[in-house]
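Residue numbers (the numbering used here): 14 to 204. Worksheet for the structure shown next.
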Ligand code: SF4
Ligand code: SF4
């Protein structure tokens, strides 16, 4: 029969030699490889007792930041949700009422803000899109869980505690700051 490509091989069911039937050379070869791995540096670590060093710009669990007075920075503009390629962010915008100035920085705020951590691919585009410096990714790992609904992170998990601020300054390398500055310039030009 005419072969379809020139890559086809004729398989011959040839008889094994006496040496091959002993299997000993193959077993010794396999054992040699196994023993050689005993003296190599382990590729695994005993997590969580031992943790690997993270890159300074590692992208982990998000934080919704407060300003210097403790008010929430997010104005529920929705740009992060639009930028999110995984459609992981949903929010509900509300009007700030009189007397809530200390809670929310601007007239509009997110009364509901959810991130579905099962959808999130930790790309960081929400952080880049935010004009209010309200959302940042941090070096925190999203913990595992058994129920899917536990991975919908609401404001209770995302907004930073007013007394325990989350330091994101380490991630703000010169390249990141330059990028944000250029983006803000372009944003202002379009206004
Ligand atoms: S990190 Fe990326 S995928 Fe995750 S919420 Fe932000 S934009 Fe969406
Ligand atoms: S986190 Fe930033 S981009 Fe997202 S809704 Fe709030 S202010 Fe807008």
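Built from N, CA and C at the ideal position, the CB exists for glycine as well.
- [ ] Identify every run of the beta strand (DSSP E) within the segment 68-98, keeping only runs that are complete inside it and at least 3 residues long; order them along the chain.
- [x] 75-77
Open item on the list: Does the distance between the C-beta of residue 102 and the nearest non-hydrogen atom of ligand 1 fall short of 7 Å?
Closed with: Taking the chain shown and counting its residues from 1, one reaches residue 102 at position 89. Yes, since a heavy atom of ligand 1 falls inside the 7 Å radius drawn around the Cβ of residue 102.
Task: Any non-hydrogen atom of ligand 2 within 7 Å of residue 171 CB - done: Position 158 of the chain shown, counting from 1, holds the residue named residue 171. It does not: the Cβ of residue 171 is nowhere closer than 7 Å to a heavy atom of ligand 2.
Open item on the list: As an exercise, report each continuous beta strand (DSSP E) stretch of at least 3 residues that is fully enclosed by the segment 112-173, in chain order.
Closed with: 121-129, 148-150
Open item on the list: As a quick exercise: from 154, 78, 194, 162, pick the residue whose alpha carbon is nearest that of residue 64.
Closed with: Numbered from its first residue, the chain shown carries residue 64 at position 51. Nearest of 154, 78, 194, 162 to residue 64, Cα basis: 154.
Task: Straight-line gap, residue 91 to residue 168 (C-alpha atoms, nearest Å) - done: If you number the chain shown from 1, residue 91 lands on position 78. If you number the chain shown from 1, residue 168 lands on position 155. Computed Cα separation, rounded: 15 Å.
TODO: State the start and end residues of the unbroken beta strand (DSSP E) segment that holds residue 186.
DONE: By one-based count along the chain shown, residue 186 stands at place 173. No beta strand (DSSP E) holds residue 186; DSSP gives it neither H nor E.
Open item on the list: So, with DSSP's three-state summary, where would you put residue 177?
Closed with: By one-based count along the chain shown, residue 177 stands at place 164. Residue 177 falls in the strand class under three-state DSSP.
Open item on the list: ligand 1 and residue 61: does the residue's C-beta get closer than 7 Å to at least one heavy atom of that ligand?
Closed with: In the chain shown, counting from the first residue as 1, residue 61 sits at position 48. Not under cutoff, so the answer is no.
Task: Where residue 49 falls: helix, strand or coil (DSSP) - done: Here residue 49 refers to the residue found at position 36 of the chain shown. Residue state, collapsed to three classes: helix.
Open item on the list: Tell me the DSSP secondary structure of residue 29 in three-state form.
Closed with: Residue 29 sits at position 16 when you count from the first residue of the chain shown. Coil at residue 29, not helix or strand.
Open item on the list: Which residue wins for smallest C-alpha separation from residue 96, given the options 15, 133, 56?
Closed with: On the chain shown, position 83 is the one that residue 96 refers to. Residue 133 is the option with its Cα nearest to residue 96.
- [ ] State the start and end residues of the unbroken beta strand (DSSP E) segment that holds residue 107.
- [x] Taking the first residue of the chain shown as 1, we reach residue 107 at position 94. First-last of the beta strand (DSSP E) with residue 107: 102-108.
Task: Inter-residue spacing [alpha-carbon to alpha-carbon] between residue 88 and residue 116 - done: Residue 88 sits at position 75 when you count from the first residue of the chain shown. Residue 116 sits at position 103 when you count from the first residue of the chain shown. Rounded to the nearest angstrom, the two C-alpha atoms are 12 Å apart.
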